[in-house]
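Chains as they are written, first to last, in numbering that gives the first Met the number 0: chain R, 0 to 264; chain B, 0 to 178; chain Z, 0 to 153; chain H, 0 to 820. The beta-carbon is built from N, C-alpha and C at its ideal position, and this holds for glycine as well. Bear in mind the structure is a predicted one, so any value in this text is a computation, not a measurement.
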Amino acid sequence: MLLSELEYARPESVEDAVKLLSREDARALAGGQSLVNVMKTRVASPELVVDLNRIDGLRGIRAVDGALEIGAMTTYSAIVESAEVAAARPILAEVARTIADVQVRNRGTIGGNVCSNDPTNHFPPLAAALGAELTIAGSDGERTVGAEEFFEGVYLTAVKPGELLTSVRIPAKGGARDGWASVTLGKEGTGIVNVAATVSNGTARIAIGCVAATPVVVTASADETAVADAVRAAELDPPGDVHASAEYRRHLAEVLAARAVGSAT
Amino acid sequence: MKVEGTREFDAPAQLVWDVLNDPSKMAKLLPGVESFEIQDDRHWTAAVKIPLGMGGLKLNFNFEKLEERPIEYAKLSSKGQGVGAIVAMETQFHLTPDGDRTSMRWEADVRVAGPIGSMGQRVFQPIVNQQVTNVLNALEAQVAEAKGGGTGGAEEGIDAGSPEAYSSDPEGPTHSTET
Amino acid sequence: MSDHTIGVSVNGERYEREVEGRKLLVHFLRDDLDLTGTHVGCDTGNCGACTVLLDGRAVKSCMLLAVQADGADLTTVEGLAPDGELNTLQRAFSEHHGLQCGYCTPGMLLSATYLLAQNPKPTEEEIRRGIQGNICRCTGYVNIVRAITAASGQ
Amino acid sequence: MSETTIAPTPVELEVGYAGKSIPRKEDGRLVQGQGVFADDVKRHGMGYVHFVRAPYGHARIVSLDVSKAEALEGVYGTLTPDEVAELTDPFFELTTPPGSQIKDYALAVGRVRHIGEPVVAVVAASREVARDAADLVEVEYEPLDVLVDARRAQDEGAPILHDDAGTNVVWSGTFDWGDVDGALKAADRVVKIKELHFDRFSSTPLECSAALVEYDRGTGQFTLHCNHQMPGVAAIWMGPALRVPLDKLRFITQDIGGGFGNKITTHTYLTACCLLARKLRRPIQWTEWRTDQHTANAHGNERWFHDIEVAVQNDGTMLGFKVTALDDCGAFPRYEPLGCIIWAQVTPGLYRWRNIRVDFTQVVTNKSPVAPNRGYSRMQQLWLTERICDIVAHELGLDPVEVRKRNYIRTDEMPYETPNGCVYDSGDYARCLDLALELIDYESARAQQAASNGKLIGIGIGSTLDSGTNNFGQSTLLNPELQFSGNNEVATIKLDIFGEIVLTLGTVPQGQGHETVASQVAADILGVSPDQIHVRPGHDSYWNSHAGFSGTYASQFAVTGLEAVKGATEKLSLEIRRLAGGVLGGADPDDVVLEGGFAKRADNPEAALPFMACGAIVNANNAVLPPELRDITLNCRHVYVPPFTMPDFDRKFGNLTLTYATQIHACVVEIDPETGHVDILDYAAVDDCGIRIHPQIVEGQVHGATAHAIGAALHETFAYDEYGQLLTSNFYDYHVPHALDLPEIKTGHIESPSPFSSLGTKGMGEGGGAAIHAICAAIQDALRRAGKPAIVNDSFNPPERVWRMIQTPEETAALVEVTQQ
């Protein structure tokens, strides 16, 4: 509950933030709804905490030709409340409104969610299924990576020291249908297995969370049997923990993949 | 938690054995090594910072070679202590020569105590797999270097700043059990 | 160590204090400002006993650094009835027995205040969703839901 | 604050506040954040303590060095196990040898025996610096073999936790009533159940433990501002350990953020704080964090039931059962082995069977120590009897409702003496069940179930007793050397100089509304409004009269607390009436009535003396009193002592509890057949706790007890890995039900007055985990109706366990065998 000593910086521009983040043992503080908790245990104790909350340019949702440009510091609540999201890709709001609770949603951000990449997080599989593109700023300028390259491991992403995720681009929905299914601790609690799916032209693109270090992407023809078969063929080797064994997670992945595809709208 | 797997090396067993049993080479296998000190040929210590996205986990490790049967078997104990975590690991290597190549079967029994130990095994297990893969990749690079054609490729795997991406590497851990 | 001078407005009163960068907002409120109505019930951001309003939004003050609140307008439970006259929500909690030990109550009241500000006539489902981030171990939430419903005039 | 009324204005008298849900006195301060909880108390110059805790489940402490920690700027000092071993004696143990040889200290001496056990305490000028310094304490451990499975505790070669005891067994004994062997022989059938497991969880009050401990060097006085819920027992643990008389330990609590029994065993931490306050000559502030609370404070008892054999007739009449029970109390017994007898308060559950044998053993393991937890020890026994009832019903193809009704003790049999000599005072179980079934609309739930097309719908019943007001004499059935028996509770009430009525309680409430309920009882006797009774909040062992085991636990306030209030207030009433009678021309006290703040002559209401005058005469103007009234103090104390006798040690027979409230719950659940997720579709709880003084508070207690049990049945577990690592050490992994997890809980009630309390009340609030029984029953019902012959063999049923029962019902079905004779 008690953090190690730290230095705190509050840049007001992406450039300043990137400069600060280049320092040894600096960490970006987004919503802080995961990082601060980890710091309370002192399992992580960054020497410099770079608070991104005063960089206005990192917040906001813009619709561009049906696609959405979401600033990394956009909160879950802003996504839930956004007219742009409701019009362009409502699944984002539907999933965001099941993240933790309203207090967390008022602080937690999409950027923090994907960058922390905890296996139980909601946005990594959703970003992977929807084919999100993520823009990362560094001292050499910006680069954009696809969701599948973005997630590298547990707590590891393509954002390297000295870099900063600035925005998440969600492609236009077009004729696609999006779905989500999960089994959690209690109702809408911590994920045991999360599945996001998007279906277009009869093909489902499915991303399964909490069965590996990064979301596992599977594609299949969009009927329940084909989906379950495809997930089985992926030969998942999920971690087991106090909430679910590997075997049960593997089973849930099949069931939930079929449900996510079946319920896609 | 027990993890195990096999890995093939394009090098003779003696060479793999030498890398595995040279503490100074061993040092380069560890993720995020910040300092390394050899006490004697059976004991050495290292300060490491295991890369985690939230910030590195700093641990001071004591290594002890428990058993060896050149050039086929070695057993190593390592105990790491840091704020919030105590890691105890017993690693065994079995080498089987196959002409100019070597097959290595390995097992590690990893035990984590302290606050991090209860922080969620679903996270812990992939992290262990991730680190093991890094170690194996680094080992492969070390073996290649010892063989003569050495490149700096191995360094990537031990750089805390840019750890090797974890993927379901067929040569990474093949089996892990929750125990 | 890094110390920062921060200025916050809490329940309409302006405070300026030196804080360490690592101090959590909840400890700043409880230890530095003596506003002990804001409670701590967990160490993982789950229980919501530390809920306060930050610029009008409900947040958990154990997951913010005090320094992050610099310049902000905060409302804690002590600000709900500044002159000692209970407000509608507080009265409803009492009338409907929406509290037993009273430990979760400050956070619960602030989440409910936020909910009713956003949604003056919430359904039962919306109320439950609105207080999902506040753990109560005494009431099973039944009477809390009744109290919030009553306070909304339904 | 309006509690002190200088001059009571006569009010329109509303006769009978008892029985009405008046606004709680406690609420005003609590809804404004003006409660005073232990962690809110501050003192100038206080030091914050941080405990360095064991990272291993079981390890020898090889070496320990605090020098770096002590050298850190801002650190005031430390406390080490060596100091503790020298400055204190081990806390006394309740059990018999060899278990009583266990040495339990404030810090881990020589060895750590569970994750999170405190090893060193560090005190500093701020919380953060104390934590920084704790990281600098160097402890070298030699890990030892770990014992996590109680079933292995008595195996050859199992790690022995306490060498001084030389065994892991804390207590062991056989309870044998009636003729079990005869019943098993005579029965039409014998239902055998190999193993059932009652899981480890706790009610985890939202407020963790905390204390501000001061030491007065001049008087040798320790003052503990804390949230211990049973200071009497804390004092008798701590006084001898600290080698100080009990009066040197002053316990003060005001508001406590829930207790549920979990705040009865914090004496180890409080002792460490006392030592630090004395050593460092400054107030010591201790805040326990949630992870500390989960890893090293108070879990509920985990219990295994083995080799159950039930004697049953073909019509479902149950004649008796035998069982081998194995209780896991964690690393130190502390309040144990009382759990080895407490269950016997409800030995037969709600049923009429007369032949029962229980072989009971309790062992230590490398897990957190246990403490009483809402429904303490009876809950486990009631779960067993309820599981038996459902398994018997399903194996015999009978309706669980019918089996219950056939076997319930009948209302015309009350008071009913159980096979072990307990006396169930009153109740109507069958009627409560009917009410519960009506609330869930049983008939249409069954119809819905029949038409469910692949959905798994189940209906379950949980019948429990909430035994209240302990006869501490039951402890002598465990250890005849113990000098405990009976029970008592105290209240004092005075009429002060300006007419204020001030009531103090011995109890230590944690949200049960004692200030309010006590004022209702006193108000009715004194003819005033509850607003005019100032009940001192909280407990102060210096200023509140209290008895040896004053406190708030074991469902007893409505009997012990209120009887004490009633007794004291009746004494005060008599004194006021004598005084007024004397002053108002020599009326007999029986001819004086108390009404609206006046003592009035019944024959002439014009002749009235205001309470203010009564208070003034006795306290400030007593020379006017005639000699025969000079014994009047208007300051009355009453000690209530329930009518208990000593139980019979040889037969393990006697009345262990005074009152028995009934709770019958019924629920409808739906199981997702693909995931095993259980959803509660409907839930009803019917309560009978005799006369209810404050119905709303009673209903609130029912809600809360139900919520705890739903959590325990579906979400909450303290799970350990093989190394003794706790895997659910915080609210992230230990999932406490939030508002979306819980259904609307419907409630119903009847009132069967207790013949053993003068108010007709019964203690309540624990409810014996009825929801655990009901949900387990409903899951089994859903599976059985879907043709899956599984039995629910564990009290905790997360989605995966339920999914497995659906997948391989034969696994648990194999635990049951029915033989026809």
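Tell me the start and end of each unbroken beta strand (DSSP E) in the region 76 to 161 of chain H that is at least 3 residues and wholly inside, in chain order. 117 to 123 and 137 to 142
Of the choices B:E66, B:A26 and B:L65, whose alpha-carbon is the least far from that of B:N59? B:A26
Closer than 7 angstroms, Cβ to any Cβ of chain R: which residues of the region 711 to 726 of chain H, in chain order? Result list: H714, A718 and L726.
Assuming R:R26 and R:L34 form a contact by the criterion Cβ under 8 angstroms, report the distance between their Cβ atoms to the nearest whole angstrom. About 7 angstroms; that satisfies the 8 angstroms criterion.
So, H:I790 versus H:P752, is the Cβ gap smaller than 8 angstroms? no
Determine the direct distance from the alpha carbon of H:V35 to that of H:G219, and round the result to whole angstroms. 26 angstroms
Kindly indicate which three-state DSSP category H:Y441 falls into: helix, strand or coil? Look at H:Y441 here: in three-state DSSP terms it is helix.
Residues bridged to R:G178 (per DSSP): Beta-bridge pairing links R:G178 to R:A196.
If the criterion is Cβ atoms closer than 8 angstroms, does the pair R:V113 and Z:G44 meet it? Here R:V113 is not near Z:G44, since their CB atoms are 8 angstroms or more apart.
Chain-ordered neighbours of B:G113 on chain H, where CB pairs are closer than 7 angstroms: What B:G113 touches in chain H, judged by beta-carbon distance under 7 angstroms, is P54, going in chain order.
Quick one: grab the DSSP three-state call for B:I157. Only weak support exists for where B:I157 lies, its pLDDT of 32 falling under 50; the value from the coordinates is given anyway. DSSP places B:I157 in helix when its eight states are reduced to three.
For Z:E12, which of Z:K22, Z:R21, Z:L73 and Z:A68 has the nearest alpha-carbon? Z:L73
Cα-Cα separation between B:S161 and R:N193, rounded to whole angstroms: Residue placement at B:S161 is flagged as unreliable, the pLDDT there being 35, under the threshold of 50; a coordinate-derived value is accordingly withheld.
Own chain partners of B:G55 with C-beta closer than 8 angstroms, once the 5 adjacent residues on each side are dropped: G31, K48, I49 and A159
Which residues in chain H sit within 7 angstroms of Z:Y102, going by Cβ to Cβ distance? Around Z:Y102, the beta-carbon contacts reaching into chain H at under 7 angstroms are F36, L205, E206, G256 and G257.
Got a sec, what are the start and stop residues for the beta strand (DSSP E) Z:R128 sits in? Here Z:R128 belongs to no beta strand (DSSP E); instead the alpha helix (DSSP H) covers E123 to G129.
What do you reckon, are the CB atoms on H:L476 and R:V241 nearer than 8 angstroms? no
Please report the straight-line C-alpha distance between R:V182 and R:A252, rounded to a whole angstrom. 10 angstroms
Counterpart residues of H:Q662 in DSSP-defined beta bridges: H:T463 and H:D686
R:M72 touches chain H at which residues, Cβ-Cβ below 8 angstroms? Going along chain H, no residue has its Cβ under 8 angstroms from R:M72, so there is no contact; the nearest lies around 24 angstroms.
Would you call the region 16 to 23 of chain Z in contact with the region 709 to 716 of chain H, where contact means no fewer than 3 C-beta pairs closer than 8 angstroms? no
Classify B:A84 as helix, strand or coil using the three-state DSSP reduction. strand
Simplified DSSP assignment, three categories, for H:E698: helix
Could you pull out every residue in the same chain whose Cβ sits closer than 6 angstroms to the Cβ of H:T822, ignoring the five residues on either side in sequence? The structure shown does not extend to residue 822 of chain H, since chain H is modelled only from 0 to 820, so the question has no answer here.
What residues in the region 75 to 107 of chain B bring their beta carbon closer than 8 angstroms to a beta carbon of chain R? V82, G83 and A84
Compare the C-beta of H:Y75 with all C-beta atoms of chain R and state if any pair is closer than 8 angstroms. no
Taking Cβ positions only, does Z:V7 come closer than 8 angstroms to chain H? no
Mind listing the chain R neighbours of Z:Q99? Cutoff is C-beta to C-beta under 9 angstroms, in chain order. What Z:Q99 touches in chain R, judged by beta-carbon distance under 9 angstroms, is nothing: the nearest beta carbon there is about 21 angstroms away.
How about the region 405 to 414 of chain H and the region 634 to 645 of chain H: do they share at least three Cβ pairs that are nearer than 8 angstroms? No: the two stretches stay apart, fewer than three of their Cβ pairs being nearer than 8 angstroms.
By DSSP's criteria, Z:H26 is part of a beta bridge. Which residues make up the other side? In DSSP, Z:H26 forms no bridge with anything.
If you compare alpha carbons, which of H:V391, H:Q100, H:W303 and H:R277 is closest to H:G902? This structure cannot settle anything about residue 902 of chain H, because the visible part of chain H is limited to 0 through 820.
Contact check, R:R176 vs R:V198 under 8 angstroms by CB: the rounded distance? 5 angstroms
Reducing DSSP to helix, strand and coil, say where R:V144 ends up. strand
Tell me, which residues are paired with H:Q819 by DSSP? H:R188
On the criterion of 16 or more Cβ atoms from any shown chain inside 10 Å, does Z:K120 qualify as buried, or is it exposed? With fewer than 16 other Cβ atoms from the protein chains shown falling within 10 Å of its own Cβ, Z:K120 counts as exposed.
Spatial neighbours of H:V745 in its chain, beta-carbon cut-off 6 angstroms, leaving aside the 5 residues before and after: According to the sequence provided, residue 745 of chain H is Lys. The question's Val does not apply to it. L438 and A683.
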